[in-house]
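Asker: One structure follows; several queries about it will come next.
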Amino acid sequence: MRSGDHLPPGPEGCTDAETFVTRLVLLRRWAGQPSLRRLRAVAGKTTTAGGAVVDALPQATVSNVLNLRRNSALPRFAFVNSFVRACLTVAGMTAEEVEGEVRRWQRVWRCLGNGAAARPSSRAPGRGRPETPGGAADRSAAARGPSGISGADGPTPAQLPADTADFTGRARELADLVAAVDSAESPTLLIVGTGGVGKTTLAVHLGHRLRGRHPDGQFYVDLGGVQRTPERPGDVLAAFLRALGAGERIPASEAERSALFRSAVASRRILVILDNARDAVQVRPLLPAGAGCTTIITGRDPLATLPVTRRIRLGAFEEDEAIAFLGRIADGTDTTATAEVARLCGRLPLALRIAGARAESLMGGSLSALAGRLADHRRRLEELELDDLSVGSSFELSYRLLAGKGGAARAFRLLGLLEGPDTTLPGVVALLGEPVASAEAAVAELVRAQLLEPYRPHRYRMHDLVRQYAARRAAATDSAGDLDRARLRLLDWLLDAAAEAVAVTTKEAVMPRFDGPAAVHRWFHEERANLLGAARAGLRSPACERRAVELIQAMTFLFRCHGYDEEWERLNETALAAARRSRLMSAAGSISDELSKLREDDGDPEAARRYAEESLAFRRRTGDLAQEARGLINLGAGRHEDGRVEEARGHYGRALELAGLAGDRLAEGYALANLAAVSRDLGRPDDAITFGRRALGIVRELGDCPGQIDVLGDLAASYRAGGRTDDALRMHGEVLELARGMGDLPRVATALCDLGETLLEAGDLPRAADAAAEALTMFRQVSHSRGRELASSLLERIRRATSPSAGVGS
């Protein structure tokens, strides 16, 4: 369209022929004042009733009709049709847009002329056709409009609140909404979102952008949707009608008021903002139906049964928008502090406005001081209150609406216990301890209240500040015992899932939740943060810490498969302290063992040794020989790593003896595999192969995939040490097949490094380089620092063995 966001002038609001013709003049001017010759050419030819082919827009006719000093009669229908089409076509509108505009002009023409001969305007009664009986009265009634409501000369409502001076961002949402207005007649737009997200601010800003398109009036009303007593549609309609000049002539019933309002605005260009709607029942009677009318609705309820042109779910600011907005309220020169405050506010516009105002009015503009106060999550909501603005109060309004909605209020409170980023319906079922149908109904109510967001298929999340409010309500409403029981139900559910995941991955078992290792890896990727959050929360509750420790033990294999981070290390340290407090010696032993491996991977052999010794001490205190055997194997591995081979061999031999006495076949297998490694380092490859084959028989008998991978890899090294390259390569192939099937990236990367060593020794440098490079990529992917060092060292040795022209790279 020629004028960008501005629609062409239309006929709405015209009450006589003169104003109608004046709008035609304005339309031509909007189109760029095309010459009469241009209009005639664009309009083309038409056929008269007698069959003659003539110009649709003769120059003389156009000149006469548009000259109000010579003629004030309502133009003929055919003229209006051709003239409007020609102007809009010249202006560059599409055929579809032209048709929509023409229909608007036709409706108003019929209203003024009743489809018959044109009547002169009241300003020139002596010109044109003679006045028909009742004409003056008809014109007077038309000027007043339906039921005496004033026409074009009556009041023009201008009720928009002031635009927000520091409005920031939302460019994508604004473009989407404006496009919807451009694409439809009588568009209805719905902006849905949680409290404090800026729905009203966006609606009012959009209203000001669209005000020029709606010269016949702009209505605004706060429907009080989250108040205890929202506005009644009949009362709102009465206010609208009075604003249109109805005075006291307002029908008694809501239905009559709604019909009168639609009639009054049918031929006008008006804008209606229905802010804070409660539900579709409240909104329906307030919707105008005229082609020139636009309605903008905001609310927390998605009004799913209400047909709308465009429905958008408004979320928190993007990071750059949040930082920019905060910087317009307070001093944003300290970019680090500004970004931190924006993060702690969850980028929620209301929270950001309060935070900026508090910093500016109470803290000398210091956002860094405010960031320090907001860092305490227990007081964050209290910090986000100032004057009449409160984040917590905004959420309170939504929470009150849950009363009488089954178990929705309880579900909301218990969801505040979650410390992960999201959840699923099965997770909610576990947390509530209720049937699926009840949990599903509760989730639906929370989504409808904008307290829970279905941001991905089958996954739901809460805004951080909403979660904090929910947790505060839970602490104030539910007993400590009820909250602990909810945490335990969630931990039990996650513990069962983790146990099944490990069984599917390591034993190739068939379990209800997972149809194979690939499903396990997808699940772990999605639930990793939730698993950590649940364990972290459980460790803080004395009633739940034992179960949380069990969950951490169950997750250990999964984290070894997918890589770990500092949070996993910190969580294990916390779990170890909990296991000590609760005298869970077996758990303390296995967690100490995990910490030993983590410290070794971090390049801290001294800390690794201390944890290994501590692990053995814990295991011995259990009185379980199998536990002691496993502790000895892990301690021996540390001694072996330090070069103390004979000491390591002693630990492995004792472990083999204890595992046999305890009947722990898997520990026997690992003791034999480690004795093979010691024999290899002592220059006894044949002994190493013998030990390795015995170990392989055991782990294959048990069907333990990780054990087979580890033993086959060690056996390959023994074959390589004995000069049996082909056998070694065959072992490497089996290792890679098993490790890739499990999706265990650290083991795949380790196997690739071992393969690279064998290929390097065999002189196959290109394949060795490829294996080492792939291993390095995987170790980087899982943040395995020691593995990265091994792969990098291997690549460097391959480079040195390769001539420069070979071009081996990383």
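Quick note on numbering: the numbering used here labels position 775 of the sequence shown as 1359, and the sequence is numbered without any gaps. Yeah, the Cβ is synthetic: ideal placement off N, Cα and C, and Gly gets one too.
Would you say R1203 and G1247 are within 8 Å of each other, going by their C-beta atoms?
Answerer: Taking the first residue of the sequence shown as 1, we reach residue 1203 at position 619. Taking the first residue of the sequence shown as 1, we reach residue 1247 at position 663. Taking 8 Å as the Cβ cut-off, R1203 and G1247 do not qualify as a contacting pair.
Asker: Under the three-state reduction of DSSP, which class applies to S974: helix, strand or coil?
Answerer: Within the sequence shown, residue 974 is the residue found at index 390, counting from 1. Reduced to three states, the DSSP call for S974 is strand.
Asker: In its own chain, which residues sit with a C-beta less than 7 Å from the C-beta of R1214, not counting the 5 before and 5 after it?
Answerer: Within the sequence shown, the letter at position 630 stands for residue 1214. Result list for R1214: R1203 and A1251, in chain order.
Asker: By alpha-carbon positions, which one of G1267, L887 and L973 ends up nearest to G780?
Answerer: In the sequence shown, counting from the first residue as 1, residue 780 sits at position 196. For the residues G1267, L887 and L973, the minimum Cα distance to G780 belongs to L973.
Asker: Looking only at its own chain, which residues have a Cβ that is under 7 Å from the Cβ of T878, when we skip the five neighbours before and after it?
Answerer: What you label residue 878 is simply residue 294 of the sequence shown in a count that begins at 1. If we look at T878 and ignore the five residues flanking it on each side, its Cβ neighbours are V765, P771, L794, H798 and L855.
Asker: Would you mind reading off the limits of the beta strand (DSSP E) that contains L773?
Answerer: Looking up residue 773 in the sequence shown gives position 189. First-last of the beta strand (DSSP E) with L773: T772 to V776.
Asker: Between the Cα of A943 and the Cα atoms of L932, G956 and P659, which residue gives the shortest distance?
Answerer: As a working mapping, residue 943 is identified with position 359 in the sequence shown. The candidate whose alpha carbon is nearest that of A943 is G956.
Asker: Taking DSSP's pairing of strands, which residues face E1111 in a bridge?
Answerer: For the purposes of this step, residue 1111 is taken as the residue at position 527 of the sequence shown. Note: E1111 sits in no beta bridge, so no partner.
Asker: At the level of alpha carbons, what is the spacing between E1184 and F1143?
Answerer: For the purposes of this step, residue 1184 is taken as residue 600 along the sequence shown, with counting starting at 1. For the purposes of this step, residue 1143 is taken as residue 559 along the sequence shown, with counting starting at 1. Rounded to whole angstroms, E1184 to F1143 spans 16 Å at the Cα level.
Asker: Taking the C-alpha atoms as reference points, what is the distance between P886 and P872?
Answerer: As a first step, residue 886 must be located in the sequence shown, where it is residue number 302. As a first step, residue 872 must be located in the sequence shown, where it is residue number 288. Using only the alpha carbons, I get a separation of about 20 Å.
Asker: Between the segment 1356 to 1376 and the segment 1141 to 1158, do at least 3 Cβ pairs fall closer than 8 Å?
Answerer: yes
Asker: Could you check which residue in K783, R868 and S977 has the C-alpha nearest to that of R897?
Answerer: Locating residue 897 in the sequence shown gives position 313, counting from the first residue. Nearest option by C-alpha distance: K783.
Asker: Quick check: the segment 956 to 971 against the segment 1047 to 1061, are at least 3 beta-carbon pairs closer than 8 Å?
Answerer: yes
Asker: Just checking my contact of A1312 with A1323 at CB under 8 Å: how many whole Å lie between their CB atoms?
Answerer: Counted from its first residue, the sequence shown places residue 1312 at position 728. Counted from its first residue, the sequence shown places residue 1323 at position 739. Incorrect: roughly 16 Å between the Cβ atoms, too far for contact.
Asker: When you compare only the Cα positions, how much space is there between R927 and G911?
Answerer: One-based indexing of the sequence shown puts residue 927 at position 343. One-based indexing of the sequence shown puts residue 911 at position 327. Near 14 Å, if we compare the C-alpha coordinates of G911 and R927.
Asker: Identify, in the order they occur along the chain, each residue of the same chain with its Cβ nearer than 7 Å to the Cβ of D806, setting aside the five sequence neighbours on each side.
Answerer: Counting from one through the sequence shown, the residue named residue 806 turns up at place 222. Correct list, in chain order: D859 and N860.
Asker: Between which two residues does the beta strand (DSSP E) harbouring D639 extend?
Answerer: Mapped onto the sequence shown, residue 639 falls at position 55. Start and end: V637 to D639.
Asker: Can you pull the DSSP bridge partners for T879?
Answerer: Within the sequence shown, the letter at position 295 stands for residue 879. BP columns for T879 point to T772 and V856.
Asker: In this structure, how does DSSP classify D766 when only helix, strand and coil are distinguished?
Answerer: Numbered from 1 along the sequence shown, position 182 holds the residue referred to as residue 766. If DSSP states are grouped into helix, strand and coil, D766 belongs with the helices.
Asker: List in chain order: all unbroken alpha helix (DSSP H) runs of 4+ residues lying wholly within the segment 645 to 694.
Answerer: 661 to 674
Asker: Using three-state DSSP, classify P933 as helix, strand or coil.
Answerer: Indexing the sequence shown from 1 puts residue 933 at position 349. The answer is helix: DSSP assigns P933 an H, G or I state.
Asker: Looking at P593: is its Cβ nearer than 8 Å to the Cβ of R607?
Answerer: Position 9 of the sequence shown, counted from the first residue, corresponds to residue 593. Position 23 of the sequence shown, counted from the first residue, corresponds to residue 607. The answer is yes: Cβ separation under 8 Å.
Asker: Measuring straight from C-alpha to C-alpha, what distance separates L529 and P741?
Answerer: Given that the chain is displayed from residue 585 to residue 1394, the structure contains no residue 529 and the question cannot be resolved.
Asker: Going by DSSP in three states, D806 sits in which element: helix, strand or coil?
Answerer: Numbered from its first residue, the sequence shown carries residue 806 at position 222. Strand at D806.
Asker: Which residues does DSSP list as the beta-bridge partners of T630?
Answerer: Taking the first residue of the sequence shown as position 1, residue 630 is located at position 46. BP columns for T630 point to V638.
Asker: Determine the burial state of S587: buried for a count of at least 16 other Cβ atoms within 10 Å of its Cβ, exposed for fewer.
Answerer: By 1-based counting over the sequence shown, the position of residue 587 is 3. With a pLDDT of only 40 at S587, under the threshold of 50, the placement of this residue in the model should not be trusted, and no figure is reported.
Asker: Nearest CA to the CA of A1201: which residue from T922, D1177 and A888?
Answerer: Counting from one through the sequence shown, the residue named residue 1201 turns up at place 617. Closest by alpha carbon: D1177.
Asker: Let's see if you can read the secondary structure: which residues bound the alpha helix (DSSP H) around R1264?
Answerer: What you label residue 1264 is simply residue 680 of the sequence shown in a count that begins at 1. Counting along the chain, the alpha helix (DSSP H) containing R1264 begins and ends at R1249 to D1265.
Asker: Would you mind stating whether E905 and I938 have Cβ atoms separated by less than 8 Å?
Answerer: Along the sequence shown, read from residue 1 onward, the residue named residue 905 stands at position 321. Along the sequence shown, read from residue 1 onward, the residue named residue 938 stands at position 354. Cβ distance not < 8 Å, so E905 and I938 don't count as in contact.
Asker: Can you name, in chain order, every residue of its own chain whose Cβ lies under 7 Å from the Cβ of D747, other than the five neighbours on each side?
Answerer: For the purposes of this step, residue 747 is identified with residue 163 of the sequence shown, where counting begins at 1. Cβ within range, chain order: V788, H789 and H792.
Asker: Quick check: the Cα distance between P869 and L932, rounded to an integer number of angstroms?
Answerer: Here residue 869 refers to the residue found at position 285 when the sequence shown is read from its first residue. Here residue 932 refers to the residue found at position 348 when the sequence shown is read from its first residue. Using only the alpha carbons, I get a separation of about 32 Å.
Asker: For G1207, count the other beta carbons within 10 Å of its own beta carbon; 16 or more makes it buried, fewer makes it exposed. Which is it?
Answerer: Within the sequence shown, numbered from 1, the residue matching residue 1207 stands at position 623. Exposed, by the Cβ-count rule.
Asker: Buried or exposed, going by whether 16 or more other CB atoms sit within 10 Å of the CB of L1374?
Answerer: Locating residue 1374 in the sequence shown gives position 790, counting from the first residue. L1374 should be labelled buried.
Asker: Could you name the residues that DSSP lists as bridge partners for A861?
Answerer: For the purposes of this step, residue 861 is taken as residue 277 along the sequence shown, with counting starting at 1. Answer is G883.
Asker: May I have the straight-line CA-CA distance separating A708 from E683, to the nearest angstrom?
Answerer: For the purposes of this step, residue 708 is taken as the residue at position 124 of the sequence shown. For the purposes of this step, residue 683 is taken as the residue at position 99 of the sequence shown. With a pLDDT of only 33 at A708, under 50, the local geometry of the prediction cannot be trusted, and the value read off the model is given with reservation. Each residue's alpha carbon lies about 32 Å from the other.
Asker: From M1315 to R1351, what does the alpha carbon distance come to, in whole angstroms?
Answerer: The sequence position of residue 1315 within the sequence shown is 731, counting from 1. The sequence position of residue 1351 within the sequence shown is 767, counting from 1. So the alpha carbons of these two residues sit roughly 16 Å apart.
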